[in-house]
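K.L.:
Protein chains: 2
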Amino acid sequence: MNQIKNASLFPSADHDHSNCVVDALKKAEQYCQDNGLRLTKLRHRVLELIWANHQPVGAYELLEQLTREGRKAAPPTVYRALDFLMENGLVHRISSRNAYVGCSHPDHDHRAQFMICVACGQAAELDDSTIGSAITKDARHLGFRIEQWTLEITGICEQCIKKANS
Amino acid sequence: MNQIKNASLFPSADHDHSNCVVDALKKAEQYCQDNGLRLTKLRHRVLELIWANHQPVGAYELLEQLTREGRKAAPPTVYRALDFLMENGLVHRISSRNAYVGCSHPDHDHRAQFMICVACGQAAELDDSTIGSAITKDARHLGFRIEQWTLEITGICEQCIKKANS
DNA sequence: CACGATTTTGTTATAATATAACATAACAAA
DNA sequence: TTTGTTATGTTATATTATAACAAAATCGTG
Chain A
430 MNQIKNASLF PSADHDHSNC VVDALKKAEQ YCQDNGLRLT KLRHRVLELI
480 WANHQPVGAY ELLEQLTREG RKAAPPTVYR ALDFLMENGL VHRISSRNAY
530 VGCSHPDHDH RAQFMICVAC GQAAELDDST IGSAITKDAR HLGFRIEQWT
580 LEITGICEQC IKKANS
Chain B
430 MNQIKNASLF PSADHDHSNC VVDALKKAEQ YCQDNGLRLT KLRHRVLELI
480 WANHQPVGAY ELLEQLTREG RKAAPPTVYR ALDFLMENGL VHRISSRNAY
530 VGCSHPDHDH RAQFMICVAC GQAAELDDST IGSAITKDAR HLGFRIEQWT
580 LEITGICEQC IKKANS
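Those protein sequence lines, which keep their order, are chains A and B. So the first sequence is numbered by our numbering: it starts at 430 and just counts up by one. So the second sequence is numbered by our numbering: it starts at 430 and just counts up by one.
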């Protein structure tokens with residue numbers, strides 16, 4: 430596993446999560462500014478809500494939070510924000526769970542690889558170039574033109590294994 | 430890409446598909462017999478319908494077909510059959526499309542890797558051990574205990590690229 | 001075969017996830 | 001400020017999946 434992004438790999442329960450949030454939002458703002466994208470209040474808030482933790486969050490859960498905050502929101506409100514965020518690499522969809530998780534390196538042209546813990550629900554984003562190049566090679570072999578991919582690995586993370594054994 | 434299962438790699442439009450079906454059903458019957466599993470009429474028929482082609486099929490599409498055949502069927506009818514088939518490795522779920530596709534080597538303890546053509550809708554199942562071992566290695570590195578994974582690569586297959594260029 | 005236990009299927013209802021379609025509002029550029 | 005464009009509001013509905021309980025089929029055993 431080369432090039433791993435340690436920041437997003439199963440952060441410990443006691444890590445300073447406000448850092449993650451601030452960081453992600455700052456990067457997103459910068460990225461949008463640089464690319465002439467409109468990170469509106471709504472989109473900004475949705476991104477912030479997604480970054481509330483490292484667990485992929487469902488669209489309707491986001492909707493509920495927006496509503497609780499007094500905003501007029503309906504499913505399209507959320508889905509449109511999610512679409513924007515996904516199109517611009519700020520968020521990933523975890524399709525095995527119908528849920529969405531923040532991406533910490535939007536400008537990096539990567540394809541997603543996730544390990545998802547079924548115990549604590551946290552998702553860690555990998556960036557293993559071995560996997561990437563194996564896939565690319567296979568595709569070339571088959572004459573297949575890749576548009577995108579998702580790799581979702583589910584199981585139990587180290588912390589949860591330890592917790593279970595103690 | 431070692432160990433590739435050529436049988437299931439984007440079969441050409443003119444391949445003798447009845448072979449695929451007969452083969453898959455025979456294997457499934459054998460597998461169930463050997464393992465004391467009940468491949469009931471319903472399950473058998475659902476599996477057959479899934480094998481009607483190499484495109485992942487949705488649950489409600491299956492339901493519609495069962496209904497058209499005069500069977501009393503409701504969503505649970507289909508989902509239960511699908512659950513059985515998936516539990517026993519006879520079918521894979523393509524979660525990026527909420528659809529289901531037949532597996533041609535149920536007895537082989539593999540993890541799914543698919544290339545899915547957005548043009549023709551066909552799904553090809555790979556078995557690239559490089560990918561598998563890279564994932565396993567990453568997991569070991571992180572102390573992550575893998576339960577299962579899915580890799581879904583979408584793009585355009587060779588035949589569809591050719592078709593588009595002609 | 002007859003019995004009870006187990007598994008499978010039928011049935012009704014509803015939950016959870018996502019999009020269509022059109023109206024209004026906010027914004028950007030000239 | 002007008003005009004075109006993009007974003008959001010709003011209502012309705014489509015799509016995918018499960019819960020809960022009843023009836024039927026199947027299986028092993030006496």
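Idealized CB from N, CA, C, for every residue including glycine.
Can you tell me the Cα-Cα spacing of residue 519 (chain B) and residue 529 (chain B), whole angstroms?
P.N.:
10 Å
K.L.:
Rounded to whole angstroms, what is the Cα-Cα separation between residue 595 (chain B) and residue 577 (chain B)?
P.N.:
41 Å
K.L.:
Identify whether residue 432 (chain B) lies in helix, strand or coil by the three-state DSSP scheme.
P.N.:
Here the model assigns residue 432 (chain B) a pLDDT of 48, short of 50, so the residue's position is not dependable and the matter cannot be decided.
K.L.:
Of the residues that make up the stretch 573-584 of chain B, which ones have a beta carbon closer than 8 Å to any beta carbon in chain A?
P.N.:
573, 574, 575, 576, 577, 578, 579, 580, 581, 582, 583, 584
K.L.:
If you follow the beta strand (DSSP E) that residue 552 (chain B) is in, where does it begin and where does it stop?
P.N.:
552-554
K.L.:
Report yes if the CB atom of residue 560 (chain A) is closer than 8 Å to the CB atom of residue 542 (chain A), and no otherwise.
P.N.:
yes
K.L.:
Below 7 Å on C-beta distance, what does residue 563 (chain B) contact in chain A?
P.N.:
557, 559, 560, 563
K.L.:
Give the straight-line distance between the Cα atoms of residue 568 (chain B) and residue 476 (chain B), rounded to the nearest whole angstrom.
P.N.:
33 Å
K.L.:
Who are the Cβ neighbours of residue 582 (chain B) in its own chain at under 8 Å, not counting the five residues just before and after it?
P.N.:
Closer than 8 Å at the Cβ level, and outside the excluded window around residue 582 (chain B), lie 542, 543, 544, 545.
K.L.:
What is the C-beta distance between residue 536 (chain B) and residue 489 (chain B), in whole angstroms, given that I count them as a contact (C-beta under 8 Å)?
P.N.:
That pair is no contact at about 30 Å.
K.L.:
Mind checking residue 462 (chain A): buried by the 16 CB within 10 Å criterion, or exposed?
P.N.:
exposed
K.L.:
Taking Cβ to Cβ, would you say residue 439 (chain A) is nearer than 8 Å to residue 554 (chain A)?
P.N.:
no
K.L.:
Cα-Cα, which of B:471, B:532, B:487 is closest to residue 506 (chain B)?
P.N.:
B:471
K.L.:
Based on the DSSP secondary-structure assignment, which residues constitute the bridge partners of residue 580 (chain A)?
P.N.:
According to DSSP, residue pairing for residue 580 (chain A) in a beta bridge involves A:542, B:580.
K.L.:
What span of residues does the beta strand (DSSP E) with residue 522 (chain B) cover, start to end?
P.N.:
520-523
K.L.:
For residue 579 (chain B), count neighbouring C-beta atoms within 10 Å of its own C-beta (all shown protein chains included) and say buried if the count is 16 or more, exposed if not.
P.N.:
buried
K.L.:
Whose CA, out of A:464, A:566, A:467, A:455, lies closest to the CA of residue 480 (chain A)?
P.N.:
A:455
K.L.:
Can you give the Cα-Cα distance for residue 442 (chain A) and residue 465 (chain B), rounded to whole angstroms?
P.N.:
45 Å
K.L.:
Could you run through the stretch 490-505 of chain A and flag, in chain order, every residue whose CB is less than 7 Å away from some CB of chain B?
P.N.:
The residues in question: there are none.
K.L.:
So, are the CB atoms of residue 584 (chain B) and residue 574 (chain A) less than 8 Å apart?
P.N.:
yes
K.L.:
Between residue 586 (chain A) and chain B, is the shortest Cβ-Cβ distance under 8 Å, so that the two count as touching?
P.N.:
Residue-level contact by beta carbon holds for residue 586 (chain A) and chain B, with a gap shorter than 8 Å.
K.L.:
List, in chain order, every chain A residue whose beta-carbon is nearer than 9 Å to that of residue 568 (chain B).
P.N.:
Neighbours of residue 568 (chain B) on chain A, chain order: 544, 582, 584.
K.L.:
Can you tell me which of the three DSSP states residue 500 (chain A) falls into?
P.N.:
coil
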